[in-house]
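Everything on this sheet refers to the single structure shown next.
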Ligand SMILES: *Cc1c(COP(=O)(O)O)cnc(C)c1O
């Protein structure tokens, strides 16, 4: 996965800059804060707090840009999203602002707190099957029979460009950034960020993806050299579940060409990172949002240089389960 080539991949820096102008004022420009509990004399660590988005996760960026970019005819038809929860919430939120109909298809693996938040935003929630791939069948049916416009959670140029706006903010806030740790599922987040921090950057930035050991579809696909299916399993990082699509058009190639390393973390490492973020940084983060910190604390992330940013991607965790988890690790 060489990172030297500038502007590889289907979503360019120009596209990400357009996304930024389009969503300014609709999404939060999140702060990048120093994390002293993770820093040392040799390495400064900063947290990019995407947990502060109105929907509790970065996915609002891509969803807002994708929905704004629809034609008037498409807007009239309404949209359908498949989601592990946070994309659905972003789409539901953006659809409500724009006055569009939104249907969100999810599997039974999506936690109840995430389903309820989506319904509260006025979207129609459809629970279907035991995996993200099965929920996708229901979404495909809604496209064919109800004329809804599909909004992929990751393999969609506007979604990737929207998530990439995080990379533009990182470059501005920390021009001498050496590395960035990014949670990975379908790869929209890391593809956009990698394009933004690598193209037109005067210095090389290492972009490192982190995902859970259980059901890591992007990791298995990169190892196989093509998109492959992996069984979906329950994980603390529930937002990282699901496949990358056997017909993947954008994120597989962008991750292959732009991402320097992909790291896997265990359930226990994710739990330890959630507890660390809570007790040391006073921050509530869901499992998927804590995998970057898990890679740091476990020592699995290497060659980070002296300034590292960690994307803390979401906070939509069930609070009863969360308080039990952190209390057990006090
Ligand atoms: C969706 C999600 C990710 C992964 O994003 P991809 O673009 O699918 O790789 C990471 N963290 C959280 C909290 C998410 O909701």
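Numbering (this note's numbering), first residue to last: 1 to 330. Ideal placement from N, C-alpha and C gives every residue a C-beta, glycine not left out.
Suppose you measure from the CA of residue 180 to the CA of residue 164; what does that come to, to the nearest Å? 13 Å
Just the residues with CB closer than 5 Å to a heavy atom of ligand 1, in chain order, which are they? 57, 86, 154, 183, 184, 185, 186, 187, 188, 189, 239, 288, 289, 313 and 314
Rounded to whole angstroms, what is the Cα-Cα separation between residue 61 and residue 190? Using only the alpha carbons, I get a separation of about 13 Å.
Report the residue from 82, 121, 207 and 92 whose alpha carbon sits nearest the alpha carbon of residue 128. 82
Exposed unless 16 or more other CB atoms sit within 10 angstroms - verdict on residue 6: Legend: pLDDT at residue 6 = 44, less than 50; position of this residue unreliable, no value from coordinates given.
So, at 6 Å on beta carbons, what are the nonlocal neighbours of residue 269 in its own chain, with the 5 sequence-adjacent residues on each side left out? 294 and 298
Using the DSSP secondary-structure output, state which residues sit across from residue 105 in a beta bridge. Secondary-structure assignment with DSSP links residue 105 through a beta bridge to 82 and 126.
Which listed residue (97, 155, 126 and 130) has its alpha carbon closest to that of residue 141: 126
The region 160 to 174 contacting the region 15 to 24, beta-carbon criterion three pairs below 8 Å: yes
Residue span of the beta strand (DSSP E) that contains residue 208, given as start and end: 206 to 212
Proximal residues to residue 113 (C-beta, below 6 Å), its chain only, five neighbours per side dropped: 318
Just to confirm before moving on: does the CB-CB distance between residue 178 and residue 205 stay below 8 Å? The answer is yes: Cβ separation under 8 Å.
Bridge-paired residues (DSSP) for residue 308: 45 and 179
Drop a sphere of 10 angstroms on the beta-carbon of residue 50, count the other beta-carbons inside from all chains shown, and report buried for 16 or more, exposed for fewer. buried
Looking at residue 238: is its Cβ nearer than 8 Å to the Cβ of residue 287? yes
Closest by CA to residue 108, which one among 211, 92 and 132? 132
Are residue 216 and residue 228 closer than 8 Å when you measure CB to CB? no
Taking Cβ positions, are residue 13 and residue 80 nearer each other than 8 Å? no
Provide the residue span of the beta strand (DSSP E) that contains residue 264, from first to last. 261 to 265
Looking at the strands, I want to know which residues DSSP matches up with residue 24. 27
Going by DSSP in three states, residue 32 sits in which element: helix, strand or coil? strand
Locate the alpha helix (DSSP H) running through residue 256, then write down its first and last residues. Start and end: 251 to 258.
My output table needs one value for residue 293: the three-state DSSP class, helix, strand or coil. helix
In chain order, what are the residue ranges of uninterrupted alpha helix (DSSP H) at least 4 long that sit wholly in the region 129 to 202? 132 to 146, 157 to 173 and 188 to 198
Keeping to the same chain, check which residues put their C-beta closer than 8 Å to that of residue 249; ignore five residues upstream and five downstream. 10 and 155
With the cut-off set at 8 Å, would you say residue 160 and residue 251 are in Cβ contact? Going by C-beta atoms, residue 160 is nearer than 8 Å to residue 251.
I need the straight-line Cα distance from residue 56 to residue 301, nearest angstrom please. 26 Å
Considering only C-alpha positions, which residue in the set 63, 100, 222 and 37 is nearest to residue 263? 222
N-terminal and C-terminal residue of the alpha helix (DSSP H) that residue 66 is part of: Boundaries of the alpha helix (DSSP H) harbouring residue 66: 60 to 68, taken from the DSSP string.
Quick check: the Cα distance between residue 213 and residue 183, rounded to an integer number of angstroms? 12 Å
Which partner residues does residue 314 have in the DSSP bridge list? 57
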